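Numbering (the working numbering), first residue to last: 3 to 350.
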């Protein structure tokens, strides 16, 4: 069907934060070992029902490139548990590999800089960073080889997570992001080899941007990002909005009640969009948006339920040029993604 859904009222940037976390799960613990290639999500026989166990990142974060063999985060370094903003900032800025366990609710302001070789992992179901966010790298200290998992992000003064300043090999997995000011997750300024998987985005307008601006062509040839099994739950736009990058691989995500649009490809970006489920999305895919010049989109095997007709244009580099992957049936996406996204879903 290609009917136009009822569009909800546009949200304020700083909507009231949600009052409850997702369903309880098992304790999140750091991952170890090297990354040889992609590892698909699975359900472990010894885990709680519905808990996704991923031993290593897949997608672009698994690719060996730029002197980095996949994404290992803080594996091989010591482990520290943090409960305050000062402890988190100190640990995130420490040189060398480190596994940082976030325990409880941490109130921060502005952005905490995360430097290379860090795993930032929430403990249990109550790890939360509120009031500010995490910025991967600075102009002088890169944020390469970083893992962020099992954390709730709320009420950020700017972005909840910013992958920037040429950060590469980043895995953002099983988080819950809402109620920020600007973007919930932005990937920009020549960053590369990033995977965004099993996250829930909600109670916000601008979900995820790839590419800094129309006047920053230095992003061309970089910003290779995989989005899979994320839930864009009532967020208005940018799921993602992309400039210059190719390929950006968007597969098996669940889009529901997205008021402005689902995906936008602009400024000659190349997006492969496949196996997604769009529900009540009047404009599932845009080629060009606002003042930005058009990009390119190849779409295949998506489902559009009570949604509009996608725009497509041109050809795009195949993601299989970089990594193997398997696409689930799009009809299974609402159930699979709803059951698996967010915090409390990471097993030992």
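Backbone N, C-alpha and C define an ideal beta-carbon position, used for all residues, glycine too.
Note that the structure is predicted; figures quoted are calculated from it, not measured.
(Q) So for residue 127, helix, strand or coil by DSSP? (A) coil
Q) Taking three-plus beta-carbon pairs below 8 Å as touching, is the segment 58-69 in contact with the segment 82-102? A) no
Q. Any idea if residue 326 is buried or exposed, counting beta-carbon neighbours within 10 angstroms, 16 or more meaning buried?
A. exposed
**Q.** Status (buried if at least 16 other CB within 10 Å, exposed otherwise) for residue 239
**A.** buried
Q) CA-CA distance, residue 128 and residue 177? A) 11 Å
Q | Anticipated Cβ contact below 8 Å, residue 135 with residue 163, distance rounded | A | 6 Å
Q: Could you tell me whether the segment 309-325 touches the segment 335-350, where touching means 3 or more Cβ pairs closer than 8 Å?
A: no
Q. Taking the alpha helix (DSSP H) that residue 90 falls in, what are its first and last residues?
A. 87-94
Q: Identify every run of the alpha helix (DSSP H) within the segment 267-316, keeping only runs that are complete inside it and at least 4 residues long; order them along the chain.
A: none
Q) Which residues bound the alpha helix (DSSP H) around residue 338? A) 335-342
Q.
Are the CB atoms of residue 202 and residue 307 within a distance shorter than 7 Å?
A. no
Q. When we look at the beta-carbon of residue 320 and count the other beta-carbons within 10 Å, is it buried (16 or more) or exposed?
A. exposed
Q | Assigned secondary structure, residue 67 (DSSP; H/G/I helix, E/B strand, else coil) | A | strand
Q) Rounded to whole angstroms, how far is the Cβ of residue 329 from the Cβ of residue 277, which I believe are closer than 8 Å? A) 4 Å
Q) Can you tell me whether DSSP reads residue 246 as helix, strand or coil? A) coil
Q) Is residue 238 helix, strand or coil by DSSP? A) coil
Q: Tell me residue 156's beta-bridge partners as DSSP assigns them.
A: 132, 180
Q: Look up residue 222 in the DSSP assignment and say whether it is helix, strand or coil.
A: coil
Q. Which first and last residues belong to the beta strand (DSSP E) in which residue 164 is found?
A. 163-165
Q: Reducing DSSP to helix, strand and coil, say where residue 323 ends up.
A: helix
Q. Under a Cβ-count criterion, where at least 16 other Cβ atoms within 10 Å of its own Cβ denotes burial, should residue 237 be classed as buried or exposed?
A. buried
Q) Taking C-alpha atoms, which residue in 218, 241, 222 lies nearest to residue 229? A) 241
Q: Indicate whether the contact test is met: 3 or more Cβ pairs, each with one atom in the segment 179-187 and one in the segment 109-119, closer than 8 Å.
A: no
Q: Would you decide whether residue 303 is buried or exposed? Buried here means 16 or more other CB atoms lie within 10 Å of its CB.
A: exposed
Q.
For residue 341 and residue 261, what's the separation of their Cα atoms in angstroms?
A. 23 Å
Q) What's the C-alpha gap between residue 151 and residue 131? A) 12 Å
Q: Compare the Cα-Cα distances from residue 317 to each of 250, 346, 347, 291 and report the closest residue.
A: 250
**Q.** Reference residue 200; option with closest CA among 189, 157, 256, 82
**A.** 256
Q: Count the other CB atoms, across all protein chains shown, that sit within 10 Å of the CB of residue 86; report buried if there are 16 or more and exposed otherwise.
A: exposed
(Q) Checking the sheet assignment: what are the DSSP bridge partners for residue 369? (A) Since the displayed the chain opens at 3 and closes at 350, residue 369 lies outside it and no answer follows.
Q) Beta-carbon of residue 182 versus every beta-carbon of chain C: anything under 7 Å? A) Reference to chain C is not applicable here, since this structure consists of a single protein chain.
Q: List the whole-angstrom C-beta distance separating residue 121 from residue 75, where the pair is believed to meet the contact cut-off of C-beta under 8 Å.
A: 3 Å
Q: Let me know if residue 226 comes out buried or exposed under the rule of 16 or more other beta-carbons within 10 Å of its beta-carbon.
A: buried
Q. Do you know offhand how far residue 272's Cα is from residue 213's?
A. 12 Å
Q.
According to DSSP, residue 137 sits in a beta bridge with which residue or residues?
A. 115, 164
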